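K.L.:
In order, the protein sequence lines correspond to chains A and B.
Mind the numbering: the first sequence is residues 261 to 393 in the working numbering, read in order.
Mind the numbering: the second sequence is residues -11 to 289 in the working numbering, read in order.
Each residue gets a CB set at the ideal place from its N, CA and C atoms; glycine is no exception.
Note that the structure is predicted; figures quoted are calculated from it, not measured.
Got a structure for you, questions after.
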Amino acid sequence: MIQVVTGDPRPIFKQIVDGIRLRIASGEMPPGTRLPSVRALAMQITVNVNTVAKAYLELTADGLIESRKGVGLFVCEPRQRRSDSERQRLLDEAVAHFVSDVIPLGFEPGEIVDRLKRDLEPLTNRIAKEPGK
Amino acid sequence: MNDARSDFAIETQRLSRFYGDRYALRDLTLAVPRGGVHALVGRNGAGKTTLLRVLLGFVGPSGGTSRVLGEDSATLSAEVRGRIAYGTEEHALPGWMTVASLRALHARTYPRWDEGAYGEVARRFHLPDARRVSHLSNGQRAGLALALALAQSPDILLLDDPTLGLDPVARQTFVETLLFVGKRDETTVIYSSHDLDEVERVADDVIILVDGGLAAFAPPDQIHARISAWILDDLPEGCAIPGLLQARNIEGQTQIVVLDQGADFGSRLEALGARGLTPWPLGFDRAINAFLSGYGTRRDS
């Protein structure tokens, strides 16, 4: 269930985008999940239909959801979602953000890398078990 | 532009309205395209009600022009007048009539009467057919006014502070009705409101009036994006902050809200000697509040 709150610094369409993005990333909305229609979601959360349409447009442009003519909107398969250059750019951004956050904490680079490896370990195992991407 | 099929629902050119030597509207130029929900926002006395009254032809302009559906609003034809619906905050309906008789009267009066739309709004507000209007609750009276207005299938729906004085439940029902009932693509809704949370949810566009003039006309997220806020520790004496809307001291720190400053605002302000600058993002409500309090300086005549 998507929630929007007024008073949030993010505009409503952005809250919808972030909410759906999070649900896709967490697996709560796996690939193939059908999204509510623009009007249905607008009614659920009491916002202007154009606001929901704008959010869906952004999610479509990001490759997270796709429209199947006459059927509706669905969550895409992960590999279709982003181009390689887009993935590289987002990784660079995320790393830059991370680095600027941890520098003031005063750890040695080696300590930071070790700590990071600990979180990436389960991911490495999972990818090894599922050949492909 | 005498074409009755004007692309604009409403067009004003340098519209002014004076009451004695006090102005309510001053040089207001505004063109509202057809369709969509437009929220009219401004402080008390900013000219919202006067604008609606001029558009309806209740009062004439002191200067400039005002056109509605392509016609001069001071001399609206009966045909165009029939395509405009209006609701006021007082919900002025004849108290002695019953809900059913008022509905029947309106159904006979308006050629494009939409019984389905009336019924849907009446259900949402639980309007009791046999009750006299004077015995309805505030929320029901507002619901009845909205049901009658929407069922006219108007090209333009003008509402003056329609949710004022409604309890939260009636308010929610009102907003849902405004958003989802009737032929939403064909009606241009212009409604004034002080409830900025509601405006953010409902409006396609926000029209902001300040001192009788147009201060902004854009979708809520676009206006919101023009406004940024910061907290800072120290500001040199006499430092002029560009685009400043609002500044206040909070426990020894200063919070500032600025308009139309780019991403480099922080570094520019630091170059002016500001210290401890931290972005402090605001929600729509507080951002627009700062805009209303700080936009322009009072232009005394």
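Given a cut-off of 8 Å, decide if Val264 of chain A and Ile305 of chain A are closer than it, judged by their beta-carbon atoms.
P.N.:
Yes. Within cutoff.
K.L.:
Might you give, ordered along the chain, the residues of its own chain that have their beta carbon closer than 6 Å to the beta carbon of Gly35 of chain B, omitting 5 neighbours on each side?
P.N.:
Ala12, Leu13, Leu197 and Gly200
K.L.:
Look at the alpha carbon of Glu346 of chain A and the alpha carbon of Pro364 of chain A, and state the distance between them as a whole number of angstroms.
P.N.:
29 Å
K.L.:
Could you confirm whether any beta carbon from chain A is found closer than 8 Å to the beta carbon of Glu164 of chain B?
P.N.:
yes
K.L.:
Could you say which of B:Arg96, B:Gly24 and B:Tyr283 lies nearest to Leu232 of chain B if we only look at CA atoms?
P.N.:
B:Tyr283
K.L.:
Listed in chain order, which residues of the segment 335 to 364 of chain A have Cβ atoms closer than 9 Å to some Cβ of chain B?
P.N.:
Within the segment 335 to 364 of chain A, no residue places its CB atom closer than 9 Å to a CB of chain B.
K.L.:
Is Phe113 of chain B helix, strand or coil when you go by DSSP?
P.N.:
coil
K.L.:
With three or more C-beta pairs closer than 8 Å as the rule, is the segment 266 to 279 of chain B touching the segment 236 to 250 of chain B?
P.N.:
yes
K.L.:
Does Ile280 of chain A come within less than 8 Å of chain B when only Cβ atoms are used?
P.N.:
no
K.L.:
Assuming Val109 of chain B and Val169 of chain B are in contact, meaning their beta carbons sit under 8 Å apart, how far apart are those beta carbons, in whole angstroms?
P.N.:
6 Å
K.L.:
Assuming the contact rule is C-beta atoms closer than 8 Å, Leu134 of chain B and Phe162 of chain B should be a hit. Round their C-beta distance to whole Å, please.
P.N.:
7 Å
K.L.:
Taking only three categories from DSSP, how would you classify Leu265 of chain A?
P.N.:
With the sequence shown as reference, residue 265 of chain A is identified as Val, and Leu is not the correct amino acid for it. Coil, per DSSP.
K.L.:
At 7 Å on the CB atoms, spell out the chain A contacts of Gly271 of chain B, in chain order.
P.N.:
Thr266, Gly267, Asp268 and Pro269
K.L.:
Enumerated in chain order, which unbroken segments of the beta strand (DSSP E) with a length of 3 residues or greater are wholly contained in the segment 37 to 61 of chain B?
P.N.:
51 to 56
K.L.:
Just the C-alpha distance for Asp252 of chain B and Met289 of chain A, rounded to the nearest angstrom, thanks.
P.N.:
38 Å
K.L.:
Taking DSSP as the reference, what is the three-state secondary structure of Gly370 of chain A?
P.N.:
helix
K.L.:
Can you confirm whether the segment 57 to 71 of chain B touches the segment 132 to 152 of chain B when touching is taken to mean that 3 or more C-beta pairs between the two stretches lie within less than 8 Å?
P.N.:
yes
K.L.:
Please look up how many angstroms separate the CB atoms of Asp273 of chain B and Thr311 of chain A, rounded, as I've assumed it's under 8 Å.
P.N.:
That belief does not hold up - the Cβ atoms of Asp273 of chain B and Thr311 of chain A are roughly 16 Å apart, past 8 Å.
K.L.:
I'd like the span of the alpha helix (DSSP H) that includes Pro208 of chain B, first residue to last.
P.N.:
Pro208 to Ala213
K.L.:
Counting only runs that start and end within the segment 267 to 341 of chain A, where is the beta strand (DSSP E) found for 3 or more residues in a row?
P.N.:
325 to 328 and 332 to 335
K.L.:
Just checking my contact of Leu167 of chain B with Gly127 of chain B at CB under 8 Å: how many whole Å lie between their CB atoms?
P.N.:
At roughly 17 Å, the Cβ-Cβ gap does not stay under 8 Å, so Leu167 of chain B and Gly127 of chain B are not in contact.
K.L.:
Return the residue from the list A:Phe367, A:Asp361, A:Lys329 and A:Asn308 that minimises the CA-CA distance to Phe273 of chain A.
P.N.:
Checking every option, the nearest Cα to that of Phe273 of chain A belongs to A:Asn308.
K.L.:
Determine which residues of the segment 278 to 312 of chain A have a Cβ less than 9 Å from any Cβ of chain B, and write them out in chain order.
P.N.:
Residues Arg299, Ala302, Met303, Ile305, Thr306, Val307, Asn308, Val309, Asn310 and Thr311.
K.L.:
At a Cβ cut of 9 Å, what residues of the segment 173 to 199 of chain B count as close to chain A, listed as they run along the chain?
P.N.:
Leu184, Asp185, Glu186, Glu188, Arg189, Val190, Ala191 and Asp192
K.L.:
Could you tell me which residues DSSP puts in a beta bridge with Ala73 of chain B?
P.N.:
B:Leu145
K.L.:
Between Gly45 of chain B and the ligand SAH, is there a pair consisting of the residue's CB and a ligand heavy atom that are separated by less than 7 Å?
P.N.:
Of ligands this structure carries none, so the ligand SAH is not represented either.
K.L.:
If the criterion is Cβ atoms closer than 8 Å, does the pair Arg2 of chain B and Asp15 of chain B meet it?
P.N.:
yes
K.L.:
Given a cut-off of 8 Å, decide if Pro269 of chain B and Pro269 of chain A are closer than it, judged by their beta-carbon atoms.
P.N.:
yes
K.L.:
Exposed or buried, which one is Trp218 of chain B when buried takes at least 16 other CB atoms within 10 Å?
P.N.:
buried
K.L.:
Could you give the DSSP three-state label for Arg22 of chain B: helix, strand or coil?
P.N.:
It is coil, neither helix nor strand.
K.L.:
Whole angstroms is fine: what's the gap from Ser181 of chain B's alpha carbon to Val25 of chain B's?
P.N.:
12 Å
K.L.:
What does Val245 of chain B reach in chain A if we use C-beta pairs closer than 8 Å?
P.N.:
Within chain A, no residue comes near Val245 of chain B; the closest Cβ sits about 12 Å away, beyond 8 Å.
K.L.:
Could you give the DSSP three-state label for Thr17 of chain B: helix, strand or coil?
P.N.:
strand
K.L.:
Could you give the DSSP three-state label for Asp192 of chain B: helix, strand or coil?
P.N.:
coil
K.L.:
Just the Cα atoms here: how many angstroms apart are Ser(-6) of chain B and Asp361 of chain A?
P.N.:
Whole-angstrom Cα-Cα distance: 55 Å.
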